[in-house]
Amino acid sequence: MQEGAVTAGARHSIGLETFAPVGDAVEVSTVTSPLAEVAASNATLRAFLHGLPGVDQVGADARAAMLGTRSIKTTAKASAIDLAISMVDLTTLEGADTPGKVRAMCAKAIRPDPSDLSVPHVAAVCVYPDLVAEAKAALKGSPVKIASVATAFPSGRSSLEVKVADTALAVAAGADEIDMVIDRGAFLAGDYIKVFEEIAAIKAASGEAHLKVILETGELVTYDNVRRASWLAMLAGGDFIKTSTGKVQPAATPPVTLIMLEAVRDFLDATGRKVGVKPAGGIRTTKDAIKMLVLVNETAGDGWLSPDWFRLGASSVLNDLLMQRQKLTTGRYAGPDYFTLD
Amino acid sequence: MTERLAVRKTYKLFIGGAFPRSESGRSYVVTSSKGDFLANASRASRKDARDAVSAARKAFPGWSGATAYNRGQILYRIAEMLEGRRAQFAAEVAEADGVSGKKAGELVDLAVDRLVWYAGWSDKISAVRGAANPVAGPYFNLSTPEPTGVVAVVAPAAAPLLGLISVIAPVIVTGNTCVVVASERAPLPAITLAEVLATSDLPGGVINILTGSAEEIAPWLAGHMDVNGIDLTGASPELAQKCEEMAADNLKRVLRPKTADWSADPGTGRMTAFLETKTVWHPIGT
Numbered sequence: 001m002q003e004g005a006v007t008a009g010a011r012h013s014i015g016l017e018t019f020a021p022v023g024d025a026v027e028v029s030t031v032t033s034p035l036a037e038v039a040a041s042n043a044t045l046r047a048f049l050h051g052l053p054g055v056d057q058v059g060a061d062a063r064a065a066m067l068g069t070r071s072i073k074t075t076a077k078a079s080a081i082d083l084a085i086s087m088v089d090l091t092t093l094e095g096a097d098t099p100g101k102v103r104a105m106c107a108k109a110i111r112p113d114p115s116d117l118s119v120p121h122v123a124a125v126c127v128y129p130d131l132v133a134e135a136k137a138a139l140k141g142s143p144v145k146i147a148s149v150a151t152a153f154p155s156g157r158s159s160l161e162v163k164v165a166d167t168a169l170a171v172a173a174g175a176d177e178i179d180m181v182i183d184r185g186a187f188l189a190g191d192y193i194k195v196f197e198e199i200a201a202i203k204a205a206s207g208e209a210h211l212k213v214i215l216e217t218g219e220l221v222t223y224d225n226v227r228r229a230s231w232l233a234m235l236a237g238g239d240f241i242k243t244s245t246g247k248v249q250p251a252a253t254p255p256v257t258l259i260m261l262e263a264v265r266d267f268l269d270a271t272g273r274k275v276g277v278k279p280a281g282g283i284r285t286t287k288d289a290i291k292m293l294v295l296v297n298e299t300a301g302d303g304w305l306s307p308d309w310f311r312l313g314a315s316s317v318l319n320d321l322l323m324q325r326q327k328l329t330t331g332r333y334a335g336p337d338y339f340t341l342d
Numbered sequence: 343m344t345e346r347l348a349v350r351k352t353y354k355l356f357i358g359g360a361f362p363r364s365e366s367g368r369s370y371v372v373t374s375s376k377g378d379f380l381a382n383a384s385r386a387s388r389k390d391a392r393d394a395v396s397a398a399r400k401a402f403p404g405w406s407g408a409t410a411y412n413r414g415q416i417l418y419r420i421a422e423m424l425e426g427r428r429a430q431f432a433a434e435v436a437e438a439d440g441v442s443g444k445k446a447g448e449l450v451d452l453a454v455d456r457l458v459w460y461a462g463w464s465d466k467i468s469a470v471r472g473a474a475n476p477v478a479g480p481y482f483n484l485s486t487p488e489p490t491g492v493v494a495v496v497a498p499a500a501a502p503l504l505g506l507i508s509v510i511a512p513v514i515v516t517g518n519t520c521v522v523v524a525s526e527r528a529p530l531p532a533i534t535l536a537e538v539l540a541t542s543d544l545p546g547g548v549i550n551i552l553t554g555s556a557e558e559i560a561p562w563l564a565g566h567m568d569v570n571g572i573d574l575t576g577a578s579p580e581l582a583q584k585c586e587e588m589a590a591d592n593l594k595r596v597l598r599p600k601t602a603d604w605s606a607d608p609g610t611g612r613m614t615a616f617l618e619t620k621t622v623w624h625p626i627g628t
């Protein structure tokens, strides 16, 4: 039986017993170190990933939609907005990025609203590797982290040597975090071990830098694949799992984020290692951002409600957060003319 | 034999080219000048005003970027559609203002003529307000009037159709988009006008019509940082002062209320109140 044995209900708690793919020829030790040998070969990895409980698609959509109806108002809204601002990875990933644009974005990252000093700084800026040095100079002395995409972003279609060199370039330039893309082609073809080894190699090349693994869920098609890719990335050593590059639609939809949050929660239960989540792309309004925070709180728990464990990859959402914040503090509706464009 | 039930019209708001109910779900009773029940109209809330401003802002690039000729054509089209519904408007105006059918018909005619008059201004206002300025240097120096952006309009309480047309048309003909708070006392012609607008090739969001209390909605529009101008024609002196103070924060263009004879020649004042002048210097000989 290839597809594993477990098809659980809406809320899956993946206990250790589910790690043994029932009826599969491959032996996986589940007693002492349940996940140590999972990556021994493509067969064991495949058996493990396909042994994960299937996702109830209708249930996941419904639960994400239901959590999206929560009404967050007044003081709760104010603190949610501040938390969301502090979780933003302010991103510019365009072919037209200039050093000037990166510097302007860094200034905004440190002080998102120059007219209101009580606004927290964002978590990080996210740029291409060749602009890391520029960001590093602009952010000198500030607590804002520098994230760099790497590994032939956004398609990931290159050799491992090129990807490792790309990563090393970003790390050498001073990146604190590396956002890598997985090889979706290999993943969809079932070559899980290739994806696994690539993530492990990039993790090694990243050194001290945190590794965020971009799954590009828009290209993975099914929720089952999202769950498998999440586990694969976590097993291979990713410190964060990230939904999307922002170049493919759909990007960070609430159900996909929900499934990834379930995965990190279950991974913590199973292994004791905590992994962060970063939805990226498609989050445009304060409402979207607050929905994400509700999802985090209700799925993974409030242990993830911190910029160390949850990030929002977006750029346009920051202005909307600032406008909503201004509306709450001044009592009048804010206008986009009074905020920077990027 | 059962008697047929009449199908009554629900009077709703007009936001972004659609007819939503008020977000708040509120409504209020509209009566004729004699005090008879006419209909329940939506009582718009501040959130409806907010949505209307976003719709108007969204429509602004397209509308201000359209050619003046095209804007004029669309205003003329509104006049055509209005003329086609003359009887319906005349009946509504007669009920709201307690005037005779003949007088109401004349008022509708005046409103149609007013639209046509403003439609003609679309490609002429820049010739009147723009200039080629003489400068002491090798430059062409050209000033041209441009629309200011989103304009909030408090429509006059009297003259529910003619007054409404007379405040909306000059705002949009130059390329602004607007959010109108219709006369609280007589909102029905405004909603029927929205049906005319929806069938006139006018892009959704260029005119947004809210019914309800100006006292409640106008201050939110006056304080809104994404509104560039406010016409306080229909505001009471107290409300006008309050709105003027709130409008100062982002330096909105404010048109103060003054008593107007709507049947008189309107002049260009209402158009120029919401225009700003852009001047360009173009070097000669390069």
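Sequences listed follow chains X and F, in order.
Counted the way the working numbering counts, the first sequence spans residues 1 to 342.
Counted the way the working numbering counts, the second sequence spans residues 343 to 628.
Ideal Cβ positions, reconstructed from N, Cα and C, are used throughout, including at glycine.
For residue 423(F), no CB of chain X lies under 9 Å from its own CB, so it is not counted at the interface with that chain. Secondary structure of residue 179(X) (DSSP, three-state): strand. With respect to chain X, the C-beta atom of residue 454(F) has no partner C-beta closer than 9 Å.
Beta-bridge analysis with DSSP links residue 623(F) to 483(F). Residue 206(X): member of the alpha helix (DSSP H) spanning 192 to 206, first to last residue.
Within the stretch 374 to 402 of chain F, those residues whose Cβ lies closer than 9 Å to any Cβ of chain X are, in chain order, 388, 391, 392, 395 and 399. Counting only residues of its own chain and dropping the five nearest sequence neighbours on each side, residue 46(X) has a CB closer than 6 Å to the CB of 192. Only exposed fits residue 58(X), as fewer than 16 other CB atoms lie within 10 angstroms of its CB. Ranked by Cα distance from residue 596(F), the options 534(F), 543(F) and 565(F) are led by 565(F). In this structure, residue 350(F) sits away from residue 384(F), with a CB-CB distance that is not shorter than 9 Å. Between residue 198(X) and residue 341(X), the alpha-carbon positions lie close to 37 Å from each other. Chain F places no beta carbon closer than 9 Å to that of residue 307(X), leaving this residue out of the contacts.
At least 9 Å separates the beta-carbon of residue 516(F) from that of residue 533(F). Using a 10 angstroms sphere on the CB of residue 121(X), the tally of other CB atoms reaches 16 or more, which defines it as buried. Interface flag for residue 116(X) against chain F is unset, since no Cβ pair is found closer than 9 Å. Residue 334(X) belongs to the set of residues whose beta carbon lies under 9 Å from a beta carbon in chain F. For residue 50(X), the enclosing alpha helix (DSSP H) covers residues 42 to 51. With contacts defined by Cβ atoms closer than 9 Å, residue 276(X) and residue 294(X) do not form a contacting pair. A distance of 9 Å or more separates the beta carbons of residue 535(F) and residue 514(F). Using a Cβ-Cβ cut-off of 9 Å, residue 320(X) does not count as an interface residue toward chain F, since no Cβ of chain F sits closer than that to its own. Interface annotation for the stretch 555 to 569 of chain F against chain X: 562, 565, 566, 567, 568 and 569, criterion Cβ-Cβ distance under 8 Å. Under the three-state reduction of DSSP, residue 127(X) is assigned to strand. By the neighbour-count definition (other C-beta atoms within 10 Å, threshold 16), residue 345(F) is an exposed residue. Of the other Cβ atoms in all chains shown, fewer than 16 fall within 10 Å of the Cβ of residue 624(F); this residue is therefore exposed. The DSSP-derived three-state label of residue 277(X) is strand.
Secondary structure note for residue 380(F): its beta strand (DSSP E) is the uninterrupted segment 379 to 384. Note on geometry: alpha-carbon atoms of residue 239(X) and residue 268(X) lie some 12 Å from one another.
Segment contact: the stretch 423 to 439 of chain F against the stretch 482 to 491 of chain F, fewer than three CB-CB distances shorter than 8 Å; contact not assigned.
With respect to chain F, the C-beta atom of residue 223(X) has no partner C-beta closer than 9 Å.
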